[in-house]
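Visitor: Please read through the structure below; I'll follow up with questions.
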Amino acid sequence: MHHYSSGGFGQRTRGGPLKARRSISRVGRIRTNVYIDGFNLYYGSLKGGPHKWLDIDALFAFLLPKNDIRKIRYFTARVEARSNDPDLPVRQDTYLRALASRSKVEVHFGSFMSNCVRAPIVEQDPAGRPIRQNGKPVVALKPNGTAKMEWVHKSEEKGSDVNLASYLLRDAFKGECECAVIVSNDSDLLTPIRIAREECGLTIGLVLPRPNGSIALKQLAHFQKPLRVHALAASQFPEVFNDSVGTVSKPAGW
Numbered sequence: 137m138h139h140y141s142s143g144g145f146g147q148r149t150r151g152g153p154l155k156a157r158r159s160i161s162r163v164g165r166i167r168t169n170v171y172i173d174g175f176n177l178y179y180g181s182l183k184g185g186p187h188k189w190l191d192i193d194a195l196f197a198f199l200l201p202k203n204d205i206r207k208i209r210y211f212t213a214r215v216e217a218r219s220n221d222p223d224l225p226v227r228q229d230t231y232l233r234a235l236a237s238r239s240k241v242e243v244h245f246g247s248f249m250s251n252c253v254r255a256p257i258v259e260q261d262p263a264g265r266p267i268r269q270n271g272k273p274v275v276a277l278k279p280n281g282t283a284k285m286e287w288v289h290k291s292e293e294k295g296s297d298v299n300l301a302s303y304l305l306r307d308a309f310k311g312e313c314e315c316a317v318i319v320s321n322d323s324d325l326l327t328p329i330r331i332a333r334e335e336c337g338l339t340i341g342l343v344l345p346r347p348n349g350s351i352a353l354k355q356l357a358h359f360q361k362p363l364r365v366h367a368l369a370a371s372q373f374p375e376v377f378n379d380s381v382g383t384v385s386k387p388a389g390w
């Protein structure tokens with residue numbers, strides 16, 4: 137986990153729980169921090185589409201024009217090259233460099249773990265798509281009734297949910313925002329979000345990368361913002377622009 141700032145979480149008030157320190161926001165605009173689970177956003181809204189070159193600073197200016205956006209925390213992990221996609225880390229580095237050009241954005245890194253595991257094979261239709269029954273994939277069986285198994289390569293991102301929860305609570309207890317907007321479908325975030333809402337008095341906003349996201353998260357939020365295609369399309373980095381180092385170019389195929 138990378139730490140970008142330090143200090144205590146807040147101060148205890150007499151006879152009550154730990155409360156966040158507050159400061160005056162711009163008139164009529166609530167101080168807002170945004171917390172983005174990068175892989176959740178990518179797989180929920182961006183993969184396979186034309187909007188991967190997403191300027192998240194522009195996106196939240198578009199989605200929340202009446203809010204005073206103070207900080208956008210983006211949680212991710214560095215990916216590794218794959219035999220069928222050796223340029224994957226290069227594209228990610230280019231995107232992270234683009235994000236670094238936005239002063240409100242801070243990137244926090246978890247890690248990737250890769251392993252080989254044995255997993256059951258699922259039945260497929262003639263088009264090669266998984267067959268489902270009652271909403272669940274149908275496992276292919278051997279003649280003796282046991283599941284057919286194969287070795288598969290599994291990559292698993294570790295740390296983003298913990299990092300997101302930690303920084304959400306850090307900012308809440310330090311009084312660095314009055315509103316926290318969460319971009320994730322991960323129901324593991326329920327407890328830290330509830331603490332930020334109930335113990336620190338934050339207004340909670342939710343942007344779900346998938347429209348059919350966690351019902352429990354939806355119930356905990358004060359408001360929700362849909363992530364529609366027109367918002368993504370209106371919030372792209374220029375195909376080529378200059379940062380403090382030189383020229384940044386949109387990756388081929390994006």
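137 is the number of the first residue of the sequence shown in the working numbering; add one for each residue after it.
Glycine included, each C-beta is placed from N, C-alpha and C at the ideal position.
Because the structure is a prediction, the values reported are computed rather than measured.
1) I believe A332 touches A352 by the beta-carbon criterion, under 8 Å. Please report the beta-carbon distance rounded to the nearest angstrom.
2) Here's the rule: buried if 16 or more other CB atoms are within 10 angstroms of the residue's CB, otherwise exposed. What is N378?
3) In angstroms with no decimal places, state the Cα-to-Cα distance between P256 and L277.
4) What runs of the alpha helix (DSSP H), each 4 residues or longer, lie entirely inside the segment 281-360?
5) Considering only DSSP beta bridges, list what T212 is partnered with.
6) Quick one, which of S380, V288 and V243 has its alpha-carbon nearest I208's?
7) Tell me the DSSP secondary structure of D379 in three-state form.
8) Do the CB positions of S213 and S181 come within less than 8 Å of each other?
9) Can the beta-carbon of Y171 be found closer than 8 Å to that of V319?
10) Sorted by chain position, which residues of the same chain lie with C-beta nearer than 7 Å to A370's C-beta, five sequence neighbours on each side aside?
11) Distance, Cα to Cα, N321 vs K188?
12) State the DSSP-derived secondary structure class of A255, mapped to helix, strand or coil.
13) Quick one: Cα of R167 to Cα of K361, how far?
14) Where does the unbroken beta strand (DSSP E) through V170 begin, and where does it stop?
15) Which residues share a DSSP beta bridge with S385?
16) Would you give the residue range spanned by the alpha helix (DSSP H) that I192 belongs to?
17) Whole angstroms are fine: how far does the CA of N176 sit from the CA of P262?
18) Take L338 and list the residues in its own chain whose beta-carbon comes closer than 6 Å to its own, dropping the five residues that flank it on each side.
19) Return the Cβ separation of K354 and L363 in integer angstroms, given the expectation that the two are a contact with Cβ distance under 8 Å.
20) Rounded to whole angstroms, what's the CA-CA distance from K284 to D221? Just pull it up for me.
21) Since Q228 and V215 should fall inside the 8 Å C-beta cutoff, what is the C-beta to C-beta distance between them, to a whole number of angstroms?
22) Taking all protein chains shown into account, do 16 or more other C-beta atoms lie within 10 angstroms of the C-beta of L190, making it buried, or fewer, making it exposed?
23) State the DSSP-derived secondary structure class of P225, mapped to helix, strand or coil.
24) Which same chain residues, not among the five before or five after G151, have their C-beta less than 8 Å away from its C-beta?
Guide: Put simply:
1) Actually they do not touch by this definition, with Cβ atoms about 15 Å apart.
2) The residue in question, N378, is exposed, as its Cβ has fewer than 16 Cβ neighbours within 10 Å.
3) Going from the Cα of P256 to the Cα of L277 covers about 9 Å.
4) Fully enclosed alpha helix (DSSP H) runs of no fewer than 4 residues occupy 296-310, 326-334 and 351-356 of the segment 281-360, in order along the chain.
5) According to DSSP, which records beta bridges pairwise, T212 is partnered with F245.
6) Nearest option by C-alpha distance: V243.
7) DSSP, read as helix, strand or coil, puts D379 in coil.
8) Residue identity check: residue 213 is Ala in the sequence provided, not Ser. Going by C-beta atoms, A213 is not nearer than 8 Å to S181.
9) For Y171 and V319, yes; Cβs fall inside 8 Å.
10) Around A370: F198.
11) Rounded to the nearest angstrom, the two C-alpha atoms are 19 Å apart.
12) In this structure, A255 counts as strand in the three-state DSSP scheme.
13) It is roughly 17 Å from the alpha-carbon of R167 to the alpha-carbon of K361.
14) In this chain, the beta strand (DSSP E) harbouring V170 covers R167 to D173.
15) DSSP lists V376 as partners of S385.
16) I192 -> alpha helix (DSSP H) spans I192 to L199.
17) Going from the Cα of P262 to the Cα of N176 covers about 30 Å.
18) Within the same chain, A308, A316 and A332 come within 6 Å of L338 by CB-CB distance, once the 5 residues on both sides are set aside.
19) Between K354 and L363 the beta-carbon gap is near 14 Å, outside 8 Å, which marks them as no contact.
20) Spanning the two alpha carbons is a distance of roughly 28 Å.
21) About 5 Å separates the two Cβ atoms, so the contact holds.
22) Here L190 is buried: its Cβ has 16 or more other Cβ atoms, across all protein chains shown, within 10 Å.
23) Helix, per DSSP.
24) A caution first: G151 carries a pLDDT of 34, below 50, which makes its placement in the model too unreliable to give a value.
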